[in-house]
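Step one of this worksheet: look at the structure below.
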Ligand code: SF4
C-alpha cells in the first residue's frame, strides 16, 4: 500500500501528525489487518479552508505513486480538539471523484 496522507492545515500548530504515523507503523485503528507493506509516499495538507486544494494535492500524490489516499482524523474526526472539518464530506467526495475508483480512500487514521 502506497499512502498519500492529507491533513488539516488548521491543526498543524497543535499536531505534527505523531499519532497518524504511529498507527500506520503499528498497524492499528484504520490500518488494523493490513498485511501488505505500507509506504508513505507523501504528506500534505488540505491547503487551508475551505480545503479545495486537497483535491489537486491528492491527484498529485496519485501521480507520484499513491494507490491509497488517507484523510487524517483531524479532518474527519476533529482530532485532537474535537472539531471536525465542516467541509470534510465535500473534500472526500471531491477527491473520490477526481482520483477515480481504482484509488482506495481511507477516511480516518485513528
Ligand atoms: S478546510 Fe477543513 S481540513 Fe482544511 S484547514 Fe479548513 S478545517 Fe482544516
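Numbering (the numbering used here), first residue to last: 9 to 118. Even glycine gets a Cβ: it sits at the ideal position worked out from N, Cα and C. A quick note: this is a predicted structure, and the numbers were derived from the prediction, not measured.
Measuring only the C-alpha atoms, how far is residue 47 from residue 62?
Counted from its first residue, the chain shown places residue 47 at position 39. Counted from its first residue, the chain shown places residue 62 at position 54. Whole-angstrom Cα-Cα distance: 20 Å.
Please classify residue 117: does DSSP put it in a helix, a strand, or coil?
Mapped onto the chain shown, residue 117 falls at position 109. The answer is coil: DSSP assigns residue 117 none of H, G, I, E or B.
Let me know if residue 112 comes out buried or exposed under the rule of 16 or more other beta-carbons within 10 Å of its beta-carbon.
Indexing the chain shown from 1 puts residue 112 at position 104. Answer is exposed; the Cβ neighbour count stays below 16.
Residue 102 CB to nearest heavy atom of the ligand SF4 below 8 Å
Numbered from its first residue, the chain shown carries residue 102 at position 94. Answer for residue 102: no, Cβ out of range of the ligand SF4.
Which residues have their C-beta within less than 6 Å of a heavy atom of the ligand SF4, listed in chain order?
16, 17, 18, 54, 56, 57, 58, 59, 83, 93, 95
Tell me which residue opens and which closes the beta strand (DSSP E) that residue 52 is part of.
Here residue 52 corresponds to residue number 44 of the chain shown, with the count starting at 1. It spans 47–53 - the beta strand (DSSP E) in which residue 52 sits, taken as one unbroken run.
Distance, residue 74 Cα to residue 45 Cα
Here residue 45 corresponds to residue number 37 of the chain shown, with the count starting at 1. Here residue 74 corresponds to residue number 66 of the chain shown, with the count starting at 1. Their backbone Cα atoms lie some 13 Å apart in a straight line.
Could you tell me the distance, in whole angstroms, from the CA atom of residue 38 to the CA atom of residue 114?
To locate residue 38, count along the chain shown from 1; it is residue 30. To locate residue 114, count along the chain shown from 1; it is residue 106. Distance between the alpha carbons of residue 38 and residue 114: 7 Å.
Taking 9 Å as the cut-off, decide whether the C-beta atoms of residue 14 and residue 77 are in contact.
Here residue 14 corresponds to residue number 6 of the chain shown, with the count starting at 1. Here residue 77 corresponds to residue number 69 of the chain shown, with the count starting at 1. Yes, the Cβ-Cβ distance between residue 14 and residue 77 is below 9 Å.
Contacting residues, own chain, Cβ-Cβ under 6 Å from residue 95 (five flanking each side not counted):
Here residue 95 refers to the residue found at position 87 of the chain shown. Once the five neighbours on either side are set aside, the close Cβ partners of residue 95 are 58, 59.
Whose CA, out of 70, 26, 116, lies closest to the CA of residue 10?
As a first step, residue 10 must be located in the chain shown, where it is residue number 2. When each option's Cα is compared against that of residue 10, the closest is 70.
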